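Asker:
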Amino acid sequence: MSTHDHFDPSRRAFLGATAGGTALTIAGLPSQALARINAPHDPEKLKETTEVFGFCDMCYWRCGLKIRSRDGRAVKIDGNPEHPNNWGVVCGKGNAGLMVAYAPNRLKHPMKRVGERGEGKWKPISWDEALETTAKELLKVKKKYGPQALALIGHGSWEKPYHRLAHAFGTPNTTSPVFGLCCGPRGLSNMMIMGRNLTGNETLDLENCKYFLMMGRNVTESLHNGETLGWVNGVANGAKVVYFDPRYSITASKADEYYAIRPLTDHAFLLAMINVVINEELYDKKFIAEYVVGFDELKQRVQKYTPEWAEPITEVPAKDIRRLAKEMAAKAPSVFVYSPRRLTRTSNDFGTGMSITILNTLFGVWGRKGGVFTPQKYKVPEIDLPEFEHATAHRIDSGGDFNYEQPEIPLAHIQDEEGKYHRADGAGVMGRWPIANPQYGLTNEMWRAMAEQKPYPIRALMTAGGNGFLNSTNYDIIRKALETVDFYVASDVIPNEMNMYADILLPEASYLERYDDLQVGGAREGYVAVRMPAMKPLHDTRDAWTICKQLADRMGLSAYFPHDSIKELLDDRLKKAGSSLAEIEKVGILKIPADPVKNFPLDHGGKLKIKTPGGSTKAELIPGMLKQMGFDKALDYVEQVRPNEDEFHMTFGRIGFHTHARTQDNVWTADLMRENVLWIHPEQAAKRGIKEGDLVKVSDRKGRSGEIKAKVTARIRKDTIFMVHGFGHWDKRMTTANGQGVADSNLASYAVDPHVGSMSMGLSLVKVEKV
Amino acid sequence: MNDTDQMICVREKKTIRLHWFNALCWLLLLASGFGIISGDFVRFAPTFWPELMQGLFGGNDNLVLAHIIVGISWVAVFVFFILFNFKGVVFPFLKKVLVLTPMAAFKDTWSMVVTLAHLFGLMKNTPVPPQGRYNGAQRLLGTMIIFCSLLIIVSGLYLFFGPQLLSFSENSFYGIIFRWALVGHASSVFLVIIGLIAHIYFALIEERESLEAMKSGNVSVEFIKHHNALWYEELKQEGKV
Amino acid sequence: MTKKYVMLADTIRCIDCKACVVACRAEWETPMGYSRDWVKQAEFVKEDGSPRVMLFPGRCQHCDEAPCIEACPSGAAYKREDGMVLQDNEICSGCELCVPACPYDARWLNPETNTISKCTFCQPRVDQGLQPACVQTCVGRALIFGDMNDPSSEVSQLLKEKTWVKLTTDEVNIGPNHYYYTAGEALPDEVMPKLHDRHLAGKVMENVVNPVGAIGIGAMLLTFVGAGVLKMIGRRNEVSTSENQEDK
Amino acid sequence: MALKPQLNYNEELETEYSRLFILAFPNKAVQPFASYWLESDHSLMGNSTLEIKHKMAEHGIEVAENSGLLPDHIVSELEFIAYLASQDDEKARQTQRQLLEQHCAHWMPLFIEALNKANPMPYYQLAADFLKQLIPSEMKES
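Top line first, the protein sequences correspond to chains B, Z, R and W. Using my numbering, the first residue of the first sequence is number 86, and each one after it goes up by one. Using my numbering, the first residue of the second sequence is number 168, and each one after it goes up by one. Using my numbering, the first residue of the third sequence is number 199, and each one after it goes up by one. Using my numbering, the first residue of the fourth sequence is number 4, and each one after it goes up by one.
Put into structure tokens, the structure is as follows:
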């Protein structure tokens, strides 16, 4: 009662003053006591739904889902609690997946271009005509220029059948942005040194880690449910978080220590850490002795990289570097240096990546609890297929996904002895980008090859999802490539700037309306998961496998798609793995239980199996293969660009509820954030007369520019600006996203890492002025 | 005089039935109405009442429905009565009872004050001015009840049908009207209740004969002569007494 | 034993991914522009000049002394025995008297149903033994929901383990059942409840119509009870006078 | 003087159809779905779509699976209305009236307005005008 007096003093005062006597209450006036009416009510009932299993397609982590449907319509996406990628949780964009299916702007019918390429004039055609035309045009190109004249760019979980179709067609030129535009240098670093790859669904024992040294791994905003939950659990379990980022992200807000490191200088900091760890003998001596070669040479090489050397470069105090190294060593091996997901920033991402791997190796985190675990794999054999015609195109897709294993380094010439072509983007080609992964290729270089028609003609392009413009950075090259090819066929669920150029547009069913090939993953548990349709396709759309199968049939490649339906394919694969489609449809996921002995062999008296691409059975701190090619110089620090007085480092990144450039037109995610804004430090803003919400012009040294609203915040360094990635769409078909914010990709650098061939997007320097 | 014992019929049976129908409706509407208003900030009745009523009707939605059914029946019966008896009963009644000018209001108030004062033994030397068919208090009460009833009907209809027929989210004005309709509905009901207390008191305690008149329709001429001198004159002129 | 449902929000585990917001939208088909739940980002600069961000997932706080219930004329807003503050759509007329009464801005007029919409703690789901949609989907498992009166429930355990705070001030302390954990950090002003307000009509109803009505009715009753008493005394006097006269 | 070669009329029409109703390029979409105009998030296959689907089911009809159309596509709805008009029972008349008054009247005027704004080719302009005429006149009749 006393609280009530607090919150409503007027009530009593009034009554008290006016009543003037207690006699009045005889009439049964309302008493002062807060008495509530206890009356009957009919509480709302939950509506009945049916459930199917699936996995998400809103980002590339692919969480396990249970999709509820009612009345022939998917109504809610829940997480599958059994799936190790997310343990039942689903993020905001995952929940907004419904709006992919129900989007008014999605591609609904096969279309044929009737105007100029890129002009946006189309007419609807039948599927038969669309597939017939595509097959005819592709075969025309094959006849005239050879099969290698087809390039395939995929981005999405539906891309697998397209890669198979392209390989069957005979081209080696299939690529996905994941390597050259995203994780390439970091995957390669681990691969070269440890013979292992840490991208995909990260194999980090986050829950048990005691010390996260996070190099801009913004795990809360560039979020993957299982990974983020694991990290949050780790933090809740008492792990120390030391976070480095020029921007105070949400991850920074969770950190025990936050360093606003100077952009592009992570490598310098890491080298200084290595220096301290080695010189102060903080490394895991037993692990080094048993599993590592090249320690002494490394010791020599890092002598010059003292914390005092790093301090002015990174603006991280030398004493802190020493302290962090010691703190970390004290908690080792339940520690790790947490690499950023996308490592395509500096002019030496490969060196940065290798420093991270080296530090982790020095702390002996491999195969240890709280460190890096060894995943298990559910063995689901691929279907039996004829050999792919082209030697380097043999893709090891043992899972439902791609395998990142490095095949042998191929020959040095564009054309090999058998008259077959090497990749046009130069990935895995001696003399060009020999260490780049030819499974994924270098998407950026593929665009260049198309635009310049070098080293040989690429005359046909097929894209499966993706958006070349907003995921790459050199618009001129991409535009030229799209205008140069003879034939471009695009398949996707949503319209975007890239598929605007297509000659034939193939609309795909959304991931809620179709089956797809299996998801075979490796976590502590091995697993295989299924995607089932939660409803019939709303529009005249087809799933990727069916499109590819029907194209294959029309190009005489039926042998590569031997099944009559995707369901038959799934059943065939699952039967080989001792299960069946009917069985997996009941549970959604089949798993091999987690096994500490296999996941953490070094904690259980086991051994670590290492095989590096260089053939070593020990971790190579300075990979021999790189030395042969002279690429070991990547280990050394390379001076990075610095902005002039009036310039800024241009940085960009993710936010938890948008994925790349794919969700800005999704009504539900757009409702959370419709346009991106430019983060600028209050001092710099004041200097330019910029206030919160003002429109500002950002322009780089190349003369590219954009107009965007300002967010004035102390959460960013004075020499840096930031914007969220994926905005600034100009495709008029994207009615929600069109014209909202600025495309960071049009301001990011398109320099190339000299060793890997991946992009160095962070080298761009920009000016900001009030409009 | 002989005519003092004479009873004359002043009301038709239908009017009497209407009065008691009206009374019954009021009883039901007050009982259900006070049961509907629930929240402590807006509720007048003590908690047990809405609890009892809403429990009895299995939820407030049903109670509201009952309230509006009684309310509409009440209005409907009145409307029919007025339509069919406008000339015979309603118009003369309105003519006699409505207080529409300030002068009339002053006169009626004065006579009401004197009447009330007499109850408490005050102003004994001031006589109540001679009254017509309806005395000052009755005329004031009648006028008030007529206007309050109109407000109650209009606001009640809006309170029930407004939310069903209008999209409140489209125009914030609809909600504003609703909230003020609630205020209007409640305050006019209170005004009527206040009047009714006097009405019932006089009928039950002071002037039992008038209650009888509302049962049988007959009043003694003596009573009229005493209470409604002007009316008596009128009746005399008309030759009814 | 009766249940008492509470929601815990561990702000340390919240990452502002809006999963709760979108899950709620999908589960209850809330129209665009409205949401039953939210995440507030409090961004400020600390005394030492360094930036700070705190995250507060929020929704109806299902208060013990919920002013929305008191403001609702029709009883559509009600509190169930298990602590849930619910809205009966059958009864609600959408008059919005409850809207400004809520210090947490948890109520809004749904343009599709024209009734008041708010967080129900996912009562239809909870009644079926499920977790609220926001809790089920919460990526950092920052939201924990359950029965506080069950000592073995996760919420009971957590309430014992850590020090939780509620969003209350000296002015507004109405017994919210939504707890927050900030590891001891002070609550920023942005997330604190506003001194609740009411529509003018509601205030007039409460402070003028009802009291004046009460006074009026009371005064009338007093007057006429008094008059009745006087009359009875008068009669008795008359009777006794006449008796006296007869005696004489 | 040679005549200017004309585009195939059908192709022109098809292109215009896709410009207006499928891509709506470069204008804003003239979405031919009721759901788009009636749902707050402009999503397709909303509750309004289901209502139509159920209405159709009540009369024993459904949209052919291979038509690529949703039940609340303008073509499906108009066909449904035509079907109802061809039926000679009270229930069909009632449904038709309901459909026109409580459904079509809420979105078709918006659709027509958007179509007019998109400067359609004469063929679709005519269709828009016809539709405009049809809606109120049908309502008057029934």
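Glycine included, each C-beta is placed from N, C-alpha and C at the ideal position. In this text, all values refer to a predicted model and were calculated from it rather than measured experimentally.
Which of the three DSSP states, helix, strand or coil, is assigned to Lys202 of chain R?
Answerer: DSSP places Lys202 of chain R in coil when its eight states are reduced to three.
Asker: Let me know if Phe473 of chain B comes out buried or exposed under the rule of 16 or more other beta-carbons within 10 Å of its beta-carbon.
Answerer: Buried, since its Cβ has 16 or more Cβ neighbours within 10 Å.
Asker: Report yes or no: is there a C-beta of chain W within less than 8 Å of the C-beta of His194 of chain B?
Answerer: It does: the Cβ of His194 of chain B has a partner Cβ on chain W nearer than 8 Å.
Asker: When you compare only the Cα positions, how much space is there between His352 of chain Z and Phe215 of chain Z?
Answerer: C-alpha separation (whole angstroms): 22 Å.
Asker: Hey, Gly842 of chain B and Gly511 of chain B: beta-carbon distance below 8 Å or not?
Answerer: Cβ distance < 8 Å, so Gly842 of chain B and Gly511 of chain B count as in contact.
Asker: What's the C-alpha gap between Leu382 of chain R and Ser419 of chain B?
Answerer: The sequence shown places Gly at residue 382 of chain R, rather than the Leu named in the question. Distance between the alpha carbons of Gly382 of chain R and Ser419 of chain B: 27 Å.
Asker: Can you find a C-beta in chain Z that's less than 8 Å from the C-beta of His126 of chain B?
Answerer: Chain Z, which has a Cβ nearer than 8 Å to the Cβ of His126 of chain B, makes this yes.
Asker: Could you check the C-alpha separation between Asn522 of chain B and Met276 of chain B for me, to the nearest Å?
Answerer: Approximately 10 Å, taken between the alpha carbons.
Asker: Helix, strand or coil, according to DSSP, for Arg153 of chain B in the structure here?
Answerer: Residue state, collapsed to three classes: strand.
Asker: Report yes if the CB atom of Asn831 of chain B is closer than 8 Å to the CB atom of Tyr560 of chain B, and no otherwise.
Answerer: Closer than 8 Å, so yes.
Asker: Which residues, taken in chain order from the stretch 50–66 of chain W, show a beta carbon closer than 7 Å to some beta carbon of chain B?
Answerer: Within the stretch 50–66 of chain W, the residues whose Cβ lies closer than 7 Å to some Cβ of chain B are Leu53, listed in chain order.
Asker: DSSP state of Met252 of chain R, grouped into three classes?
Answerer: Reduced to three states, the DSSP call for Met252 of chain R is strand.
Asker: Roughly how many whole angstroms lie between the Cα atoms of Val317 of chain B and Ile236 of chain Z?
Answerer: Val317 of chain B and Ile236 of chain Z: Cα-Cα distance of roughly 59 Å.
Asker: Applying the criterion that 16 or more other CB atoms from any shown protein chain within 10 Å of the CB defines a buried residue, is Asn322 of chain B buried or exposed?
Answerer: Classification for Asn322 of chain B: exposed.
Asker: My output table needs one value for Gly319 of chain B: the three-state DSSP class, helix, strand or coil.
Answerer: The answer is helix: DSSP assigns Gly319 of chain B an H, G or I state.
Asker: List the endpoints of the continuous beta strand (DSSP E) containing Cys176 of chain Z.
Answerer: First-last of the beta strand (DSSP E) with Cys176 of chain Z: Met174 to Cys176.
Asker: Between the stretch 203–229 of chain Z and chain B, which residues of the former have CB atoms less than 7 Å from a CB of the latter, in chain order?
Answerer: Result list: Ser205, Asp207, Arg210, Phe211, Pro213, Thr214, Pro217, Glu218, Gln221, Gly222, Gly225, Gly226 and Asn227.
Asker: Strictly below 7 Å CB to CB, what residues from chain R border Asp44 of chain W?
Answerer: By Cβ distance, chain R contributes Met230.
Asker: Give me, in chain order, the residues of the same chain whose beta-carbon lies closer than 8 Å to that of Pro767 of chain B; leave out the 5 immediate sequence neighbours on both sides.
Answerer: Result list for Pro767 of chain B: Val797, Thr798 and Ala799, in chain order.
Asker: Go ahead and pull the three-state DSSP assignment for Leu642 of chain B.
Answerer: DSSP places Leu642 of chain B in coil when its eight states are reduced to three.
Asker: Between B:Lys229, B:His252 and B:Asp625, which has its C-alpha nearest Gly239 of chain B's C-alpha?
Answerer: The shortest C-alpha separation from Gly239 of chain B is found at B:His252.
Asker: Quick one: using the 10 Å Cβ neighbour count with 16 as the cut-off for buried, is Ala207 of chain R buried or exposed?
Answerer: Buried, because 16 or more other Cβ atoms sit within 10 Å of the Cβ of Ala207 of chain R.
Asker: Could you work out which residue in Z:Tyr325, Z:Pro294, Z:Gln221 and Z:Ala365 is closest to Ile312 of chain Z when comparing CA atoms only?
Answerer: Nearest option by C-alpha distance: Z:Ala365.
Asker: Write down the C-beta distance between Gly202 of chain Z and Leu230 of chain Z rounded to the nearest angstrom, noting that I regard them as a contact closer than 8 Å.
Answerer: Indeed, because the Cβ distance is near 6 Å, the residues count as touching under 8 Å.
Asker: Does any residue of chain B bring its CB to less than 8 Å from the CB of Tyr20 of chain W?
Answerer: Yes, Tyr20 of chain W counts as interfacial toward chain B.
Asker: I'd like to know whether the C-beta atoms of Thr305 of chain B and Lys339 of chain B end up nearer to each other than 8 Å.
Answerer: It is a contact, given that the beta carbons lie within the stated cut-off.
Asker: What ranges does the beta strand (DSSP E) occupy inside the stretch 707–776 of chain B, keeping only unbroken runs of at least 3 residues that lie completely in it?
Answerer: Within the stretch 707–776 of chain B, the complete beta strand (DSSP E) runs of at least 3 residues are 733–738 and 762–765.
Asker: Once DSSP output is grouped into helix, strand and coil, what is the label at Ala159 of chain B?
Answerer: Strand at Ala159 of chain B.
Asker: Just reading off the beta strand (DSSP E) that Asp345 of chain R is part of, what are its end residues?
Answerer: Element bounds for Asp345 of chain R: Leu341 to Asp345.
Asker: Sorted by chain position, which residues of the same chain lie with C-beta nearer than 7 Å to Met714 of chain B's C-beta, five sequence neighbours on each side aside?
Answerer: The residues are Pro519.
Asker: Using a beta-carbon distance below 8 Å, is Gly113 of chain B in contact with chain Z?
Answerer: Note that Gly113 of chain B has pLDDT 37, beneath the 50 cutoff, so the model's placement of it is unreliable and the number below is only indicative. Yes, because at least one Cβ of chain Z sits closer than 8 Å to the Cβ of Gly113 of chain B.
Asker: Would you call the stretch 818–832 of chain B and the stretch 751–768 of chain B in contact, with 3 or more CB pairs under 8 Å?
Answerer: With the cut-off at 8 Å, the stretch 818–832 of chain B and the stretch 751–768 of chain B touch.
Asker: Classify Asp228 of chain Z as helix, strand or coil using the three-state DSSP reduction.
Answerer: In the structure shown, Asp228 of chain Z sits in a helix (DSSP, three-state: H, G or I).
Asker: Buried or exposed: which applies to Phe242 of chain R, given that a residue is buried once 16 or more other Cβ atoms fall within 10 Å of its Cβ?
Answerer: Flag for Phe242 of chain R reads exposed.
Asker: Using a Cβ-Cβ cut-off of 8 Å, state whether Arg339 of chain R counts as contacting chain B.
Answerer: Yes, Arg339 of chain R counts as interfacial toward chain B.
Asker: Measuring CB atoms only, is the stretch 96–114 of chain W touching the stretch 33–41 of chain W, in the sense that at least three cross pairs come out at less than 8 Å?
Answerer: Segments in contact, yes.
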